[in-house]
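Below is one structure, written out as structure tokens; comments come after it.
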Amino acid sequence: MVISQRQCMRQKSKAILFVLLSFVFCHNLMAQQKSDTLSRPRVGVVLSGGGAKGFAHIGALKVIEESGLPIDYIAGTSMGSIIGGFYAIGYSPEMMTQLVKEQNWDAVMSDAIPQKYIPVDDKILDRHYLATFPFRDRKIQMKSAIYEGEMINLLLARLTSPVYKIRNYEELSVPFFCIGTDIENADAYEMTKGNLQRSIRASMSIPFYFSPVEVDGRLLIDGGLRNNFPVPNMRNKDVDIIIGVDVQRDFHKKEELNSMAIIMDQIVAMADVDAYTRAKEDVDIYIKPDLIKYGMMDFNSYDSIIALGEIAAREKLPQLKHLADSIRNIQDFKIERPDVKPLDSVYVVALKIEGVSEENSRFIRKSFARYYPIVMSIDDIETSIMRIYATGYYSNIWYEFRPAAKGVNLVMHCKEKEEETVSVAAHYDTDYGIGILANVTLKNVLDFPRRSTLSADINIAEDPYFKLRFHSNVSQKFKYGTDVSVISLFMNQYDDRIINNSYSVQDNKLDLFVEYMPNLERQLRLGMVANYVHLRDNLVHVVKADNYDFVPYAYLNYHVDNEDSPTFASRGWKLNVNGKYIMPFIELEDGSLMRNSIVIKCDVEGSIAVGAKNALKLGATLGSSLGGNELPLCYRFFVGGQSHMRYFDNIISFDGLKFTQMYGDHIAIGKMSWQCNFYRNFYAVASVNGGYVTDQYDMWFADDSFVFGGGLTLGMKTVAGPIEVSLMGSNRCSDMVGFLNVGYWF
């Protein structure tokens, strides 16, 4: 190993320092009879920022502990503040490794609400936009950050829970500080006191990725922008020896600057280069893991990154051991580390809510326990907060424990989300063609009622639609609203390869409803609909051309959904039961009114995990029309196609049939598929389905009504949604049927 002249001088200086200290200590021992305690050199550890590369700090700390070297102070910036803060709390490198492995980093870093916390009506809507922009003063603006960091808030609150009583970071098992950047004054800000989780959260607020955090009246972002390697700050803590672990990589070449993560990595590296260089020169032992293959967002590569941190530190192990022995020769010491784990539960004396009005405070309280004091688990607290976050009416949510006489006060911080947003989405599939969706959503902008959402959709497509929704949450369990929609759809019916009918539907609907949600997984909705349908028969085979029908009906819908994913579920099930009572307003050809009719449809679907990458999915659809008259065509059940687009609830997908190829008043269909996530984001689905479709009740299960199909789908998960290619066949098509899906559906 080549040692620079500067390093040699530093080692000689340190050796001289040890001799001088030994002389001073002996002199003090003889001269001061009242003192029987010798002071040894103090050791500080500084951990740089670097995003996911900061996992290497865990491996380095493991080796430092192995060397027997005491750590008297620890500090960090950004990811270094997380690892350093956890070590200061008392977590061992082994425990930190376990905690890292337990996290779903994709969800944590993207604020992805776990599916179990999403209200069932939002699951039904299932919206994924390519981009969302704030709309203020009649102008589209940019958000301050892509994500608010709600998942990070919950994670930090849980992991810092063992030290909730400590407000001075020098009182931790190892004294600690971290660095943030004051975005108003463009200064580095050192945090040594306060709420530990908020200080760490501020220090790692990646600009434009996570929203800034207010601490001590300052608006802070990632400390790496002003002081990514706070060695000078550590020198001011009266430490004698500094060990620096640096995970910041050298500058990227221009051909490598091809992603937001890499560019951000470069920006951090560019920030105050001279200060960073001086900091590297000022450390006594410099540990630099070889992380050239990894970027700041490679959180799922934690195993390799931790190992590289350990490898780099192990190269310095002889030097670390020598230093530990030298310090022990000056004064013997004993290293004692607490055995720390996140709290499982706390005794809550009272719940306090800060940042919202009293009326909203009452709404939020209904997600928590009703009576206090009470023992609450951290899991229950997180569940309650996720329910509040999932409503979409609140932002900047985080919680803390404040010591009380006989337990803790649970303090929840949040703000009412008053926002106007403009969102865009795009989708293509073989059934509906290409569509571009523009959405405008207003949350909490009306003075009355509160917790209301007004949303408008315009889908510019081959089959266009306009939808206007107004929903208001009266409480956690009750909601009311109205939906207005104008939908145009072109459909064909086939006899094998031949089109036997083609018609266009324009559906105009006004829906008034009330809704009861006993929990996040279940919904019971009761509504009244005024439906004005314009049906144009392009071949004039089934209905009269330009036929207009006014169809009022009442409906009852019961929906259950606890699947773990909207696109590739491996656990859970869904149930959707819908009953419509169609009122006698339709005039028949003989001048009489159509008699009362009832349409019932039930969908059930379940997913069973088979190992880590496979899942079996079973499903069935049963539907029937009851009444003395033939229903309008648009109220029958249409079978065929693969799209998940939700234009109408009476279109049922079926492998091997063209879009809306068959229709009938009575259906019974069973489905089974095997899903395999065979490589990273790539998956395959083999499916088979069969059943009966007929217009006549007494021919429901006749051989002539039987339809059977199957197919194979290859897909890939992307940020913009799944990309899927399917090839299918059935007993009603002599040719194979293909299907292509690109993007999330709407």
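Residue numbers for the sequence shown follow the working numbering, so the first one is 637 and each next one is one higher. The beta carbon of each residue, even a glycine, is placed where N, CA and C say it ideally should be. Quick caveat, the model's predicted, so the values are computed rather than measured.
Secondary structure within the region 1242-1326: the beta strand (DSSP E) runs of 3 or more consecutive residues, fully enclosed, are 1250-1263, 1273-1275, 1298-1300, 1302-1315 (chain order). When DSSP states are grouped into helix, strand and coil, residue 1204 belongs to the coil group. In the DSSP secondary-structure assignment, residue 1090 is bridged to 1078, 1106.
Taking 8 Å as the upper bound for CB-CB distance, residue 713 and residue 813 are not in contact here, some 10 Å apart. In the three-state reduction of the DSSP assignment, residue 804 falls in the strand class, which pools E and B.
In the structure shown, residue 937 falls within a helical segment according to DSSP collapsed to helix, strand and coil.
Note on geometry: alpha-carbon atoms of residue 1212 and residue 1251 lie some 21 Å from one another.
A contact between stretches requires three or more CB pairs, one per stretch, nearer than 8 Å, and the region 751-763 fails this requirement with the region 821-830.
Residue 1188 has 1166 as its beta-bridge partners, per DSSP. Within the model, the alpha-carbon separation for residue 1233 versus residue 1313 is close to 45 Å. The Cβ atoms of residue 1088 and residue 1059 do not sit closer than 7 Å to each other. Taking C-beta separations shorter than 6 Å and ignoring five residues to either side along the sequence, the partners of residue 1146 in its chain run 1120, 1166, following chain order. Take residue 792, set aside five residues on each side of it, and the residues of its chain with a beta-carbon closer than 7 Å to its own are 833, 836, 837, in chain order.
Of all C-beta pairs linking the region 1028-1046 to the region 1006-1018, three or more are shorter than 8 Å, placing the two stretches in contact. Taking 8 Å as the upper bound for CB-CB distance, residue 1170 and residue 1382 are not in contact here, some 23 Å apart. In the three-state reduction of the DSSP assignment, residue 716 falls in the helix class. Distance from the CA of residue 1190 to the CA of residue 990, rounded to the nearest whole angstrom, comes to 42 Å. Every alpha helix (DSSP H) of 4 residues or more that sits fully in the region 813-882 is shown, in chain order, as 832-839, 867-871. With contact defined as three or more Cβ pairs closer than 8 Å, the region 1286-1293 and the region 1256-1273 are in contact. Runs of the alpha helix (DSSP H) lying entirely within the region 974-1053 and spanning at least 4 residues, in chain order: 994-1001, 1014-1026. When secondary structure is reduced to three states using DSSP, residue 1333 falls in the helix class. Looking only at 1007, 1054, 846, 809, the smallest Cα-Cα distance to residue 983 is reached by 1007.
Here the alpha carbon of residue 816 sits roughly 21 Å from the alpha carbon of residue 799. Excluding residues up to 5 positions away in sequence, 1092, 1120 lie with their Cβ nearer than 6 Å to the Cβ of residue 1104 in the same chain. About 5 Å separates the Cβ atoms of residue 1112 and residue 1002, confirming a contact at the 8 Å cut-off.
For residue 772, the enclosing beta strand (DSSP E) begins and ends at 767-772. A check of alpha carbon separations from residue 1074 across 696, 1094, 942, 771 identifies 1094 as the nearest. Annotated as distal: residue 1375 and residue 1352, with beta-carbon spacing of 7 Å or more.
Rounded to the nearest angstrom, the gap between the Cα atoms of residue 988 and residue 994 is 11 Å.
The residue among 681, 1253, 1159, 704 with its C-alpha nearest the C-alpha of residue 1310 is 1253. No Cβ-Cβ contact shorter than 7 Å links residue 678 with residue 967. Residue 1283 sits away from residue 1302, with the two beta carbons spaced by 7 Å or more. Between residue 681 and residue 718, the C-beta gap is not smaller than 7 Å, which leaves the two residues out of contact. Contact annotation: the region 737-748 touches the region 768-787, with at least three C-beta pairs closer than 8 Å. When the alpha-carbon of residue 1295 is set against those of 1032, 697, 741, 1066, the nearest one is in 1066.
Look at residue 932 here: in three-state DSSP terms it is coil, with no helix or strand label.
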